[in-house]
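Novice: As you go down the protein sequences, you meet chains S and D in turn. When we follow my numbering, the leftmost residue of the first sequence carries the number 1, and every step to the right adds one. When we follow my numbering, the leftmost residue of the second sequence carries the number 1001, and every step to the right adds one. All C-beta atoms in this analysis are idealised placements derived from N, C-alpha and C, irrespective of residue type, glycine included. Sharing a structure below in structure tokens format, with a few things to ask.
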Amino acid sequence: MENAIEIRDLTKSFHSVLTGEDVIAVDHLTLDIHRGEIFGFLGPNGAGKTTTIKMLLGLIFPTSGTATILGYPPGDIEVKRRISYLPESPYFYEHLSGYEVLDFYATLFGIPAAERKKKVDRLLDLVGLSDNKHKRLRHYSKGMLQRIGLAQALINDPDLLFLDEPTSGLDPIAHLDIRDMILRLRDEGRTVFLSSHQLSDVEMVCDRVSILDRGKLMRVGSLSEMLAGKSVEIRAERVRDDVFEKIKAYSTDAFTVDGAIRVRVEQTYVNDTVQMIMQTGGEITAVIPGKRTLEDIFIETVREGTVS
Amino acid sequence: MTAWVIARNTFGEAIRKKILNVFLILALGSVLISLTFTFLEFRQQVVILKSFGLGMVQFWGLFIAIIMGISLIPADIEQRTIYTILSKPVKRYEYVLGRFLGGAITLAVNIALMGAAFLVVFLLKVNTRALSSLASLDFGAFWGSWVWSGEIPGLIGGIAMVYMKLLLLLAVAVCFSTFATVTVNFFLSSAVFIAGSISSVTEAMSKSPNTPIVLRWLYAAVHYLVPNFGNYDVQNPLIHPEVPAADLPLYMCKAVFYGLAYTIILLVVGVLVFERKEV
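Laid out in structure tokens, this is it:
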């Protein structure tokens, strides 16, 4: 599969004047982001997510390691024409109106005046700001600024978008709109690099995710594989007490509800458990594959990292 | 082209800044104050008006240049607007050049407005007699006695010299802003301006046998490295045109070339630093 971003051993350390020591923000990060996918870039605060994005955009420079974006080195003028960036809590020139700020960014891409006007109007319409297009940005709410941020990120029809917390500070409707928009971007064949703390959003839209903790890559993989449970819940009735005790010994969770038992066992024990219950006169009422949430995986990964 | 887009935006941003507008209003007010020096003899009034007017244009222009110059780039970094600009197809040198050009245009407009106000006040002053004939609605006498002072071209040259001096200061501030914080830059740029304004003193100290050798080197370094802002002090021959002076237009041309050369050097240094700056 062709990669939109290739990161190899990327490291960034900052020198602390106070302690005299180097603080490693990103530690030998190696990662591939495939073309046309929505890639979730997760991690707790201070994990190095924004530092990584800034290195990929050429805003800061790596201490060591390399990266290529659409085949170009970060910061290359050619790649900048094909990518876009929505920073976390974006700030724009407040003296400009919504229309003027998009026109300004469009001019930086050298888009001709006539085309610019059409494009800016279309984007304002897309993000629901047509009625406020002549209002100065200093009078915009946080949600409106986030929408104008997304509009500026679409001004050049980018092949690759870096979105840093795109739904931060948005009301539920705007939140939903932006989530739908991200999915639409993938349907149009664009690659989205999504850094977010909104795990429910990531779970809903991303194809693959990675979890970064204290600069190190802890996990990376397809979301469906990550979420697939390894344990199975078995529900049964008329189970003998001695059988229930035997199952409890290897189950991760076991309890009774109105005389029926509910046990959670690892996949490898499922057949033996079902057989044992049936051979001893019990009746299986349900076998439910366990499913984990991204939040479970995130917390588990970060905790494992903290312990190790 | 990209630098020009950024320059235009910088100008739009600057003219909407309240602080710069306040300086401009204060400057226009200061120039008007000079009309109240009526207790002096007429000839003295004109001399004082020229000195005071040019001084006020420079004084308030100095505030505008330094306040604007030290914040042009750091403001974008602090407010993080720079992220969405440098992630677009904008080369770093285009950004620095655009911010400087925008500042230079803003400075030019401000100096032009202050200078125009000063020239209007000057013309009103030298035409006091013509204006008094207006009171009796004698328009013939008004046009008959109105004079277009021959000193106007010289005064325009003087205002241009003030602009060139402040443009050089703006370049110093922009160059320093690529690596210094706003506060540090304020003191650095001010120090350079003061040191560059007393260039004849630093030169004399660097050659004085009474100065310790290390200090002589230091004074020599300051004298040769810091731009000579004193080059643009042409008030004396403008205020006292009756005193014979060297070829003023030629001197002004040389000063302009000197200033432009220094400005280019400062911008090149600023760009080289900014190319490696992490934002």
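Cβ closer than 8 Å: which chain C residues qualify as neighbours of D/Lys-1018?
Specialist: No chain C is part of this structure, whose protein chains are labelled S and D.
Novice: For the beta strand (DSSP E) that contains D/Tyr-1083, what are its first and last residues?
Specialist: To locate residue 1083 of chain D, count along the second sequence from 1; it is residue 83. Careful: D/Tyr-1083 lies outside any beta strand (DSSP E), inside the alpha helix (DSSP H) at 1081-1086.
Novice: Closer than 8 Å by beta-carbon distance: list the chain S residues that pair up with D/Pro-1074, in chain order.
Specialist: One-based indexing of the second sequence puts residue 1074 of chain D at position 74. Correct list: empty, because the minimum Cβ distance to chain S is about 14 Å.
Novice: Are the C-beta of D/Lys-1088 and some C-beta of chain S separated by less than 9 Å?
Specialist: Residue mapping note: residue 1088 of chain D aligns to position 88 of the second sequence, counting from 1. Yes, D/Lys-1088 lies at the interface with chain S (some Cβ there is under 9 Å from its Cβ).
Novice: By alpha-carbon positions, which one of S/Asp-258, S/Ile-247 and S/Thr-256 ends up nearest to S/Asn-271?
Specialist: The residue given as residue 271 of chain S occupies position 271 in the first sequence. Taking only the C-alpha atoms, the option nearest S/Asn-271 is S/Ile-247.
Novice: Considering only residues of the region 1225-1264 of chain D, which uninterrupted beta strand (DSSP E) runs meet the minimum length of 3 residues and lie entirely inside it, listed in chain order?
Specialist: DSSP runs (the beta strand (DSSP E)) wholly in the region 1225-1264 of chain D: none.
Novice: Since S/Lys-80 meets chain D, which of its residues come closer than 7 Å, beta carbon to beta carbon?
Specialist: Here residue 80 of chain S refers to the residue found at position 80 of the first sequence. Going along chain D in sequence order, the residues near S/Lys-80 (Cβ under 7 Å) are Ser-1087, Lys-1088 and Pro-1089.
Novice: Identify whether S/Asn-271 lies in helix, strand or coil by the three-state DSSP scheme.
Specialist: As a first step, residue 271 of chain S must be located in the first sequence, where it is residue number 271. Helix at S/Asn-271.
Novice: Please work out which residues of its chain come closer than 7 Å, Cβ to Cβ, to S/Tyr-74, disregarding the five sequence neighbours upstream and downstream, and give them in chain order.
Specialist: The count along the first sequence starts at 1 and reaches residue 74 of chain S at position 74. Note on residue identity: the sequence assigns Pro, not Tyr, to residue 74 of chain S. Within the same chain, S/Pro-74 has close Cβ partners Met-55, Leu-56, Leu-57, Gly-58 and Ala-67.
Novice: What span of residues does the alpha helix (DSSP H) with D/Ile-1156 cover, start to end?
Specialist: Walking along the second sequence from the start, residue 1156 of chain D turns up at place 156. Segment 1152-1177, the alpha helix (DSSP H) holding D/Ile-1156.
Novice: When we look at the beta-carbon of S/Asp-171 and count the other beta-carbons within 10 Å, is it buried (16 or more) or exposed?
Specialist: Start at 1 with the first residue of the first sequence, and residue 171 of chain S comes out as number 171. So S/Asp-171 ends up on the exposed side.
Novice: Please determine if the region 91-101 of chain S and the region 1093-1106 of chain D are in contact, where contact requires at least 3 C-beta pairs separated by less than 8 Å.
Specialist: Output reads no: the region 1093-1106 of chain D does not touch the region 91-101 of chain S.
Novice: Please compile the residues from chain S whose C-beta is within a distance smaller than 7 Å of the C-beta of D/Val-1047.
Specialist: Position 47 of the second sequence holds residue 1047 of chain D. Neighbours of D/Val-1047 on chain S: none; closest Cβ ~42 Å, over 7 Å.
Novice: Given this structure, state the Cα-to-Cα distance separating D/Leu-1124 from D/Val-1234, to the nearest angstrom.
Specialist: Here residue 1124 of chain D is taken as the residue at index 124 of the second sequence, counted from 1. Here residue 1234 of chain D is taken as the residue at index 234 of the second sequence, counted from 1. Answer to the nearest angstrom: the Cα atoms are 23 Å apart.
Novice: Would D/Ile-1082 count as contacting chain S if we go by Cβ distances under 9 Å?
Specialist: Working through the second sequence from its first residue, we reach residue 1082 of chain D at position 82. Taking Cβ atoms only, chain S reaches closer than 9 Å to D/Ile-1082, which makes this a yes.
Novice: Can you list the beta strand (DSSP E) stretches of 3 or more residues lying completely in the region 146-179 of chain S, in chain order?
Specialist: The region 146-179 of chain S contains these whole beta strand (DSSP E) runs: 160-164.
Novice: Which residues in chain D sit within 7 Å of S/His-95, going by Cβ to Cβ distance?
Specialist: Residue numbering aside, residue 95 of chain S sits at position 95 when the first sequence is read from its first letter. Ordered by position in chain D, the residues that pass the 7 Å Cβ test against S/His-95 are Gly-1012, Glu-1013 and Arg-1016.
Novice: For D/Val-1279, go through chain S and note every residue whose CB falls closer than 9 Å to its CB, in chain order.
Specialist: Taking the first residue of the second sequence as 1, we reach residue 1279 of chain D at position 279. By Cβ distance, chain S contributes Lys-54, Leu-59 and Ile-60.
Novice: Closer than 8 Å between beta carbons: that is the criterion. Which residues of the region 112-127 of chain S meet it against chain D?
Specialist: Taking 8 Å as the Cβ-Cβ cut-off against chain D, none of the residues of the region 112-127 of chain S qualify.
Novice: Apart from the five residues just before and just after S/Gly-282, which ones in its own chain have a Cβ nearer than 6 Å to its Cβ?
Specialist: Start at 1 with the first residue of the first sequence, and residue 282 of chain S comes out as number 282. Excluding positions up to five away in sequence, the list reads Ala-236, Arg-238 and Val-239.
Novice: For D/Ala-1180, does the three-state DSSP call read helix, strand or coil?
Specialist: Along the second sequence, one-based indexing puts residue 1180 of chain D at 180. The answer is coil: DSSP assigns D/Ala-1180 none of H, G, I, E or B.
Novice: Assuming D/Gly-1259 and D/Val-1174 make a contact with CB atoms under 8 Å, what is their CB distance in whole Å?
Specialist: Numbered from 1 along the second sequence, position 259 holds the residue referred to as residue 1259 of chain D. Numbered from 1 along the second sequence, position 174 holds the residue referred to as residue 1174 of chain D. That belief does not hold up - the Cβ atoms of D/Gly-1259 and D/Val-1174 are roughly 14 Å apart, past 8 Å.
Novice: Under 7 Å Cβ to Cβ from D/Val-1222, same chain only, skipping five residues before and after it: list those, please.
Specialist: Along the second sequence, one-based indexing puts residue 1222 of chain D at 222. The answer, listed in chain order, is Ala-1195 and Thr-1202.
Novice: For D/Ile-1019, which residues of its own chain have a beta-carbon under 7 Å away from its beta-carbon, when the five flanking residues on both sides are left out?
Specialist: Position 19 of the second sequence, counted from the start, is the residue given in the question as residue 1019 of chain D. Closer than 7 Å at the Cβ level, and outside the excluded window around D/Ile-1019, lie Ile-1067.
Novice: Buried or exposed, going by whether 16 or more other CB atoms sit within 10 Å of the CB of D/Trp-1217?
Specialist: Against the second sequence, residue 1217 of chain D aligns to sequence position 217. It counts as exposed.
Novice: Look at D/Val-1005 and S/Leu-108 and say whether their C-beta atoms are less than 9 Å apart.
Specialist: As a working mapping, residue 1005 of chain D is identified with position 5 in the second sequence. As a working mapping, residue 108 of chain S is identified with position 108 in the first sequence. Their beta carbons are under 9 Å apart, which means D/Val-1005 touches S/Leu-108 by this criterion.
Novice: Scan the region 68-156 of chain S and note each continuous alpha helix (DSSP H) run of 4 residues or more that stays entirely inside, going in chain order.
Specialist: Runs found: 77-80, 98-108, 113-126 and 142-153.
Novice: Any contact between the region 1106-1121 of chain D and the region 1157-1171 of chain D? By contact I mean 3 or more CB pairs, one from each, below 8 Å.
Specialist: Cβ pair count under 8 Å is three or more, so yes.
Novice: Under a Cβ-count criterion, where at least 16 other Cβ atoms within 10 Å of its own Cβ denotes burial, should S/Ala-249 be classed as buried or exposed?
Specialist: Numbered from its first residue, the first sequence carries residue 249 of chain S at position 249. Exposed, because fewer than 16 other Cβ atoms sit within 10 Å of the Cβ of S/Ala-249.
Novice: With a cut-off of 9 Å, does the C-beta of D/Val-1172 fall near any C-beta of chain S?
Specialist: The sequence position of residue 1172 of chain D within the second sequence is 172, counting from 1. No, D/Val-1172 does not count as interfacial toward chain S.
Novice: Taking the straight line between their C-alpha atoms, what separation do you get for S/Leu-10 and S/Ser-222?
Specialist: For the purposes of this step, residue 10 of chain S is identified with residue 10 of the first sequence, where counting begins at 1. For the purposes of this step, residue 222 of chain S is identified with residue 222 of the first sequence, where counting begins at 1. The straight-line gap from Cα to Cα measures roughly 22 Å.
Novice: Between which two residues does the beta strand (DSSP E) holding S/Gly-221 run?
Specialist: As a working mapping, residue 221 of chain S is identified with position 221 in the first sequence. 216-222 is the extent of the beta strand (DSSP E) around S/Gly-221.
Novice: Identify, in the order they occur along the chain, each residue of the same chain with its Cβ nearer than 8 Å to the Cβ of D/Leu-1215, setting aside the five sequence neighbours on each side.
Specialist: Within the second sequence, residue 1215 of chain D is the residue found at index 215, counting from 1. If we look at D/Leu-1215 and ignore the five residues flanking it on each side, its Cβ neighbours are Met-1205.
Novice: At a Cβ cut of 7 Å, what residues of the region 146-172 of chain S count as close to chain D, listed as they run along the chain?
Specialist: Listed by position along the chain: Gln-152.
Novice: Does S/Pro-90 have its Cβ less than 9 Å from a Cβ in chain D?
Specialist: If you number the first sequence from 1, residue 90 of chain S lands on position 90. So, interface residue.
Novice: Please list the partners that D/Gln-1079 has in chain S, where partner means a Cβ-to-Cβ separation under 8 Å.
Specialist: What you label residue 1079 of chain D is simply residue 79 of the second sequence in a count that begins at 1. Under the 8 Å cutoff, chain S gives Tyr-91.
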